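Q:
Residue numbers (the working numbering): 11 to 328.
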């Protein structure tokens, strides 16, 4: 793969929200792009982090994995700009479209609706039942074909790449100039693949089979909440949730992703990322090996096992 040289690209005059570091609107080949810089970790001293968090590589790998599965995701490329390795993301709202995040769509909900843990119009609520009820009851979302499938596809893929940050601002819909809505491409995957982990930790844990299983499953926590047996909210462990719940929509997503995922293609994707460019480390060998090993483990011991269990359950008529 090539690392794009974006040093001479003019600024577009566009600004973009979020809290994951500097974002710069630029023009590349006549189109609007976003240069997403790695977030400095100097404010996280003492937490054994690298000097710069590797979110650009995580953004690139996560987005390309989604595309490999046939799920629309924003176009991304690794690039050099401002003296740093960045992830360049094509602005899918340009021209003539507007992004409405799920958090904004929730504000159309009626607060008198029953069944919600938090106020239905609360855009920040990440109780899984609240999210699913909102998808069902939202006039906008319910009229867009494939919304529920997209949600569960993201749930499964985010578990595969360990993305704990699919919050309500990190997915949504596009409105065109005629007021028609469609699902936005999947975006904001920069928290995937243990993007805050340093090389010594990657290397140390690769040699420990128990640590690999812990990283693949035990440390894999979703942004979504459920109510525990003690009545308190707790974050979902996605593979545990997929194993213990009965949900036909989720089952179909598991089967879709398990069937579509190509481990060799993913390994080739990771191997295509250079170790170094423009004097900056892009992807170290310990990180490279870890990304491949953990996704392989989640796929073979997680998704394939889940898909087999679903098939057996269907055959037995349960």
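A virtual CB, placed ideally from N, CA and C, is assigned to each residue, including glycine. Quick caveat, the model's predicted, so the values are computed rather than measured.
Tell me the rounded alpha-carbon separation between residue 34 and residue 324.
A: Roughly 50 Å separates the two Cα atoms.
Q: If you draw a straight line from the C-alpha of residue 68 to the C-alpha of residue 224, how long is it?
A: One C-alpha to the other measures close to 20 Å.
Q: Among 142, 26, 49, which residue has its Cα nearest to the Cα of residue 337?
A: This structure does not reach residue 337, given that the chain is present from 11 up to 328, and the question cannot be answered.
Q: Sort 78, 132, 274 by Cα distance to residue 111 and report the nearest one.
A: The candidate whose alpha carbon is nearest that of residue 111 is 132.
Q: For residue 217, name the three-state secondary structure that DSSP assigns.
A: The answer is coil: DSSP assigns residue 217 none of H, G, I, E or B.
Q: Roughly how many whole angstroms lie between the Cα atoms of residue 108 and residue 100?
A: Cα-Cα distance, rounded: 14 Å.
Q: Is it buried or exposed for residue 329, if we count other Cβ within 10 angstroms and need 16 for buried?
A: The question about residue 329 has no answer, for the chain in this structure spans 11 to 328.
Q: Would you call the CB atoms of residue 280 and residue 308 closer than 8 Å?
A: In this structure, residue 308 does not lie closer than 8 Å to residue 280 by Cβ.
Q: So, for residue 282: in the same chain, excluding its five sequence neighbours on each side, which residues have a beta-carbon less than 6 Å away from its beta-carbon?
A: Around residue 282: 11.
Q: Give the straight-line distance between the Cα atoms of residue 43 and residue 271, rounded to the nearest whole angstrom.
A: When rounded, the distance between both Cα atoms is 28 Å.
Q: Provide the residue span of the beta strand (DSSP E) that contains residue 182, from first to last.
A: Looking at the DSSP string, the run of the beta strand (DSSP E) that includes residue 182 is 182-185.
Q: Contact check, residue 79 vs residue 167 under 8 Å by CB: the rounded distance?
A: Rounded, the Cβ-Cβ distance is 7 Å, consistent with contact.
Q: List the endpoints of the continuous beta strand (DSSP E) containing residue 243.
A: Looking at the DSSP string, the run of the beta strand (DSSP E) that includes residue 243 is 243-245.
Q: Suppose you measure from the CA of residue 66 to the CA of residue 212; what does that come to, to the nearest Å?
A: So the two alpha carbons sit approximately 18 Å from each other.
Q: Do residue 83 and residue 76 have their C-beta atoms closer together than 8 Å?
A: Their beta carbons are under 8 Å apart, which means residue 83 touches residue 76 by this criterion.
Q: Go to residue 160, then tell me how far its alpha helix (DSSP H) extends in each direction, as first and last residue.
A: Start and end: 157-171.
Q: Which residue comes first and which comes last in the alpha helix (DSSP H) that contains residue 24?
A: No alpha helix (DSSP H) contains residue 24, which DSSP labels as neither H nor E.
Q: Less than 6 Å between C-beta atoms, sequence neighbours within five positions excluded: which residues of the same chain meet that for residue 137?
A: Same-chain partners within the cutoff: 127, 235.
Q: Would you say the beta carbon of residue 293 is closer than 7 Å to some non-hydrogen atom of the ligand MG?
A: Of ligands this structure carries none, so the ligand MG is not represented either.
Q: With a floor of 4 residues, list each alpha helix (DSSP H) that falls wholly inside the stretch 90-159, ordered by position along the chain.
A: Complete alpha helix (DSSP H) runs here, min 4: 112-115, 138-147, 149-152.
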